């Protein structure tokens, strides 16, 4: 009985979170790009990455170092 319960919880978690990707909204993209030098190219680049992410393609995410 316990095995069946654990297996059903595993399947529920697997199918609930397995194929979801969270992407930025337009407002979040504009707010992030307001800090950049080239705002229009930043917005265009992030919107292209968002569309590729929603299609299921791989994207590269740059890591910015923390500035004190």
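Numbering (my numbering), first residue to last: 908 to 975.
The beta-carbon is built from N, C-alpha and C at its ideal position, and this holds for glycine as well.
These numbers come from a predicted model, not from an experiment.
### Query
Could you give the C-beta distance for residue 930 and residue 961, rounded to a whole number, given that I count them as a contact under 8 Å?
As a working note, residue 930 is residue 23 in the chain shown. As a working note, residue 961 is residue 54 in the chain shown. 6 Å between Cβ atoms; contact.
### Collapsed DSSP secondary structure at residue 970 in the structure displayed
What you label residue 970 is simply residue 63 of the chain shown in a count that begins at 1. Coil.
### Message
Would residue 950 and residue 936 qualify as a contact pair, given that the criterion is a beta-carbon distance under 7 Å?
### Response
As a working note, residue 950 is residue 43 in the chain shown. As a working note, residue 936 is residue 29 in the chain shown. Going by C-beta atoms, residue 950 is nearer than 7 Å to residue 936.
### Start-end ranges of the alpha helix (DSSP H) lying completely within the segment 927-956, minimum 4 residues
933-940
#### Entry: residue 966 vs residue 956 beta-carbon contact at 7 Å
Residue 966 sits at position 59 when you count from the first residue of the chain shown. Residue 956 sits at position 49 when you count from the first residue of the chain shown. In contact: residue 966 and residue 956 (Cβ atoms closer than 7 Å).
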